[in-house]
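J.:
Protein chains: 2
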Amino acid sequence: MRMRAGQPLRRLAVREEPMKNFVLRGNLCTSRTKDSLSWIPHGYVVCEDGRSAGMFAELQERFRQWPLLDWGDCLILPGLVDLHIHAPQYAFRGTGMDLELLEWLNERAFPEEARYQDLDYAGKAYGIFAENMKFSATARACIFATRHREATELLMDLMEATGLRTMVGKVNMDRNCPENLREGTEESIDETRRWLSDIEGKYDHTEPILTPRFIPACSDAVMRGLGDIRRETGLAVQSHLSENQDEAAWVRELCPWAGCYGEAYDGFGMFGGSCASGSPAGKGGSCAPGGSAGKGSPTVMAHCVWPSGEETKLIKERGVFVAHCPQSNTNLCSGIAPVREYLEEGISVGLGTDVAAGCGESIFRAMADAIQVSKLRWKLAEGAGRPLTLEEAFFLGTKGGGAFFGKAGSLEAGYDFDALVVDDRSLSRPGGLSLRERLERVVYLAEGQSLRAKYVEGREIFVR
Amino acid sequence: MRMRAGQPLRRLAVREEPMKNFVLRGNLCTSRTKDSLSWIPHGYVVCEDGRSAGMFAELQERFRQWPLLDWGDCLILPGLVDLHIHAPQYAFRGTGMDLELLEWLNERAFPEEARYQDLDYAGKAYGIFAENMKFSATARACIFATRHREATELLMDLMEATGLRTMVGKVNMDRNCPENLREGTEESIDETRRWLSDIEGKYDHTEPILTPRFIPACSDAVMRGLGDIRRETGLAVQSHLSENQDEAAWVRELCPWAGCYGEAYDGFGMFGGSCASGSPAGKGGSCAPGGSAGKGSPTVMAHCVWPSGEETKLIKERGVFVAHCPQSNTNLCSGIAPVREYLEEGISVGLGTDVAAGCGESIFRAMADAIQVSKLRWKLAEGAGRPLTLEEAFFLGTKGGGAFFGKAGSLEAGYDFDALVVDDRSLSRPGGLSLRERLERVVYLAEGQSLRAKYVEGREIFVR
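Heads up: the sequence lines are chains L and H, in that order.
Counted from 1, the first sequence has number 444 at position 445 by numbering that gives the first Met the number 0; the numbering is strictly sequential.
Counted from 1, the second sequence has number 97 at position 98 by numbering that gives the first Met the number 0; the numbering is strictly sequential.
In structure tokens, the structure reads:
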């Protein structure tokens, strides 16, 4: 059953039951390894029960009767993955950029986040966020909400409705923040438990993730309580790590028992793979190494701009994912994360937009930013590794970050079927371009790219 | 005569004679000094014979009968100024970003530029460039063409038709470049003279500018010939300076007589203000200091990333403009120009996109890039000055670069009437924003901004 893209797609959009099995045709591109792309010009990628059944130059016999959407000369790419974004900050993205991290939190982020106590405001602001995420190139995201349980549940309802695959966290914060955002220590844990109970079984593709804001805002008691919840539930964890030198110095004061900032999470079982048993804070973590390779849900730490050698070692041992947020690290004068070194160490790295320290939700832009800052680091920082390539940046924004969700971020067989259809005709050109050049343009000129369709786990998110 | 924006504007667009005198109403913003913005909420800016007659909170009696276009809550900003862009490279923007300057020239820029020998190709490619420039936020630009006289004239025809104010240069290059781009030394000067003669009196707002590609591609004889033409014509000059450390080392080999790269231009009377008499290459330039303050047309040098102290001094003495191209300098791993130090020295600085080493033609993006790289320089480079502010970046992209054209880049009385109407409603927000925050968003989220109208010297470029 062959259909031209356009007319049949409208039919697809109004089906009551989404098609479980279908074929997309176009110029396929996916990361094979972290430094190689795989292309099939005018190839076929098959969705079977929400997963990719493979990429083909010629369609196999058994798929020939399945609905086929022919996207002509469009590019078909895996859906992008954002490992770090703050939903409540979306409202003020692109403003307040003249401040450094700790000032920016106090002057911008915290006052805005306090507004999410008001569910009317939250509905309005999160509605805009969810709508923009839906029509972005992002298929999956790790999302910070605020400390407010009800608003977090509302955000989860809205994200569920988009069809994206997301992990959303109610934030914990019981110290070093304005009173109108500060939770009581017990309250913080109780509300987290109530949140998890409220949403249990409620969503198909929206999951909770434990979200201590960062060590300066979380007392040992809150961290201990979260560690307990983690051991009971096996939930994934997201937080911030070594973003800024002042922040790291502050953590050394707050947790003198921790040899590095990462250890301040690790001591509570909040750093890395699954945890079999916990211990209160004390030097030496209690988690089994794990991460994507081990059992249980992994941890993602945003930034990791200023790791000590010890911290890098711990990130690697625990299988912690690094969410590299190049634009945020630039805007807040944080610095440039040593991504080349992380990749050489075999550490799992993905990209984050970190809205609103990053200005927008585009992971294409984050790919370009990652390459650009790696060039400046290479030029300006003593001993820095060579810059990232397009292939590497594309990997980070797809398969690299996708691994946090399991098998995601690739069009290859066995991966969840997350796909983007990109029509780049608006990037007018007088001569021909190779497919790699077309991809490079989409990454660098993301504002000019036009998404025609997005699928997540085989669900049609939109077609236009 | 009061009109609502929208309906009357369509009438304006089809007038045979453009209105010489009219008033725009909206939220006015312009740079007053290099670090202060001037705002008039719901104010009036008056165009009288192509110049601004001033910005007003209340409309003066004598302007009340003039056509008034009320743009409601839109922002009204001065037209932006791009001091450095390569028209023939527009075709491959956003590709080939994994190379450094000298490789990139040989592998990307030169092969593409060679195609402009073919006028059909040139027409197609320059047509796309001119169309995109017309609908961009840029009102004025200094544009490199190629070495080809005919294609350069075609580009000037196309730019004239856009209504923008531009300076366009036929490039001179007679060494160290591929044979199919290399001019004979005499040919280079003869063709330049013929070009200037062909276009004499032909355009209203498109001017020629002398354009030696850069010292490595221009023999002393060509530089001497251009110096002669400059003394005869008083034309402005544009070129490249101290972009890359390898390039600067090469210039030291090529021009051992020059104490710094800038002196290699200066020795031929191609650096700074007007020239009364010339001298062949030899240490010590022959130009009177001038630049914007002196007589004659000034010189603009792109990049200036790696100036020696001596070069900075010469730039200042000669009144040379620096075209700061932050994205290009990042993409080509060139480094980060010391803009803070230039501003403190009182050197004239504007912004350049440097397409295609910069990916796109947005000067809003260049403003954000300038701030961002200044933050990384401040963080990573020993002794670097503090980062640029929004106010400073906005100044660079408007009044700072505008000074190269005379009185341009401001809405203030006496400046050429270049204005943008920006409708930022698409940047949805749940709460209110100050006007400064709205400007900051337009700068950082330029892809989301929507230009409703552009005027250059009072000419309506487009309205939509």
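Glycine included, C-beta positions come from ideal geometry on N, C-alpha and C.
So which residues of chain L does leucine 444 (chain H) contact, with C-beta pairs closer than 8 Å?
T.: Arg92, Gly93, Cys358 and Gly359
J.: Just the Cα atoms here: how many angstroms apart are leucine 74 (chain L) and arginine 223 (chain H)?
T.: 51 Å
J.: Give the interface partners of glutamate 102 (chain L) over in chain H, defined as CB-CB distance under 9 Å, in chain order.
T.: Among the residues of chain H, none has a CB under 9 Å from the CB of glutamate 102 (chain L); the nearest is roughly 13 Å distant.
J.: Assuming aspartate 97 (chain H) and asparagine 26 (chain H) form a contact by the criterion Cβ under 8 Å, report the distance between their Cβ atoms to the nearest whole angstrom.
T.: In fact, because the Cβ distance is near 42 Å, the residues do not count as touching under 8 Å.
J.: Taking a Cβ distance cut-off of 9 Å, strictly less, list which residues of the stretch 423 to 435 of chain H are near chain L, in chain order.
T.: Leu426, Ser427, Arg428, Pro429, Gly430, Leu432, Ser433 and Arg435
J.: Can you give the Cα-Cα distance for glycine 183 (chain L) and isoleucine 208 (chain L), rounded to whole angstroms?
T.: 20 Å
J.: Flag this pair as touching only if the stretch 210 to 229 of chain L and the stretch 248 to 266 of chain L have three or more C-beta atom pairs under 8 Å; answer yes or no.
T.: yes
J.: Which residues, in order along the stretch 371 to 383 of chain L, keep a beta-carbon less than 9 Å from a beta-carbon of chain H?
T.: Listed by position, the residues of the stretch 371 to 383 of chain L near chain H (Cβ gap below 9 Å) are Gln371, Val372, Lys374, Leu375, Arg376, Trp377, Lys378, Leu379 and Ala380.
J.: Spatial neighbours of glutamine 152 (chain L) within its chain, please: CB distance less than 8 Å, with the 5 preceding and 5 following residues excluded, ordered by chain position.
T.: According to the sequence as given, residue 152 (chain L) is glutamate; it is not glutamine. Closer than 8 Å at the Cβ level, and outside the excluded window around glutamate 152 (chain L), lie Trp194, Asp197 and Ile198.
J.: Hey, phenylalanine 143 (chain H) and histidine 85 (chain H): beta-carbon distance below 8 Å or not?
T.: yes
J.: Could you tell me which of L:Lys33, L:Gly271 and L:Pro325 sits nearest to asparagine 243 (chain L), measuring between CA atoms?
T.: L:Pro325
J.: Among residues of its own chain, excluding the 5 on either side of threonine 329 (chain H), which ones have a beta-carbon nearer than 7 Å to its beta-carbon?
T.: Val372
J.: Where do the N-terminal and C-terminal ends of the beta strand (DSSP E) with valine 22 (chain H) fall, by residue?
T.: Segment 20 to 32, the beta strand (DSSP E) holding valine 22 (chain H).
J.: Check for me: the beta strand (DSSP E) holding isoleucine 214 (chain L) runs from which residue to which?
T.: From DSSP, isoleucine 214 (chain L) is part of no beta strand (DSSP E); its letter is neither H nor E.
J.: Using three-state DSSP, classify proline 87 (chain L) as helix, strand or coil.
T.: helix
J.: Can you pull the chain L residues whose beta carbon is under 8 Å from the beta carbon of tyrosine 120 (chain H), in chain order?
T.: Pro429 and Gly430
J.: Can you say whether alanine 402 (chain L) is buried or exposed, counting buried as having 16 or more other CB atoms within 10 angstroms of its CB?
T.: buried
J.: Quick one: what's got a C-beta closer than 6 Å to glutamate 439 (chain L)'s C-beta in the same chain, skipping five residues either side?
T.: Leu389
J.: Cβ of threonine 388 (chain L) less than 8 Å from any chain H Cβ?
T.: yes
J.: Assuming aspartate 72 (chain H) is part of the beta strand (DSSP E), what are its boundary residues?
T.: Element bounds for aspartate 72 (chain H): 67 to 77.
J.: Under the assumption that glycine 226 (chain H) contacts methionine 158 (chain H) (Cβ atoms under 8 Å), give the Cβ distance between them as a whole number of angstroms.
T.: That pair is no contact at about 26 Å.
J.: Would you be able to state if there are at least three C-beta pairs under 8 Å between the stretch 161 to 181 of chain H and the stretch 126 to 137 of chain H?
T.: yes
J.: Between alanine 369 (chain H) and chain B, is any beta-carbon pair separated by less than 8 Å?
T.: No chain B appears in the structure shown, which is made up of the protein chains L and H.
J.: In three-state DSSP terms, what is alanine 402 (chain H)?
T.: helix
J.: What's the call for aspartate 423 (chain H), buried or exposed, on a 16-neighbour Cβ count within 10 Å?
T.: buried
J.: For the alpha helix (DSSP H) containing leucine 253 (chain L), name the first residue and the last one.
T.: Residues 244 to 253.
J.: Quickly, what does DSSP pair tryptophan 38 (chain L) with across the bridge? List them, please.
T.: In the DSSP assignment, tryptophan 38 (chain L) is bridged to L:Cys28.
J.: Taking 8 Å as the threshold (beta carbon to beta carbon), is threonine 329 (chain H) in contact with chain L?
T.: Cβ-Cβ to chain L under 8 Å: yes for threonine 329 (chain H).
J.: Does the separation of the CB atoms of histidine 147 (chain H) and tyrosine 115 (chain H) fall below 8 Å?
T.: Between histidine 147 (chain H) and tyrosine 115 (chain H), the gap from beta carbon to beta carbon is short of 8 Å.
J.: Evaluate contact between the stretch 248 to 255 of chain L and the stretch 298 to 308 of chain L, counting only Cβ atoms and requiring at least three cross-stretch pairs below 8 Å.
T.: no
J.: Mapping the DSSP letters down to three states, classify arginine 63 (chain H) as helix, strand or coil.
T.: coil
J.: On the DSSP bridge list, what partners appear for valine 119 (chain H)?
T.: In the sequence on display, residue 119 (chain H) carries aspartate and not valine. In DSSP, aspartate 119 (chain H) forms no bridge with anything.
J.: Spell out whether any CB of chain L is found under 8 Å from the CB atom of arginine 440 (chain H).
T.: Judged by the 8 Å Cβ criterion, arginine 440 (chain H) is in contact with chain L.
J.: Could you give the residue range of the beta strand (DSSP E) that holds lysine 453 (chain H)?
T.: 449 to 455
J.: Once you ignore the five residues that flank histidine 204 (chain L) on each side, which residues in its own chain have a CB closer than 6 Å to its CB?
T.: Arg164
J.: Extract the residue ranges of the beta strand (DSSP E) inside the stretch 303 to 348 of chain L, only unbroken runs of 3 or more that lie entirely within it.
T.: 320 to 323
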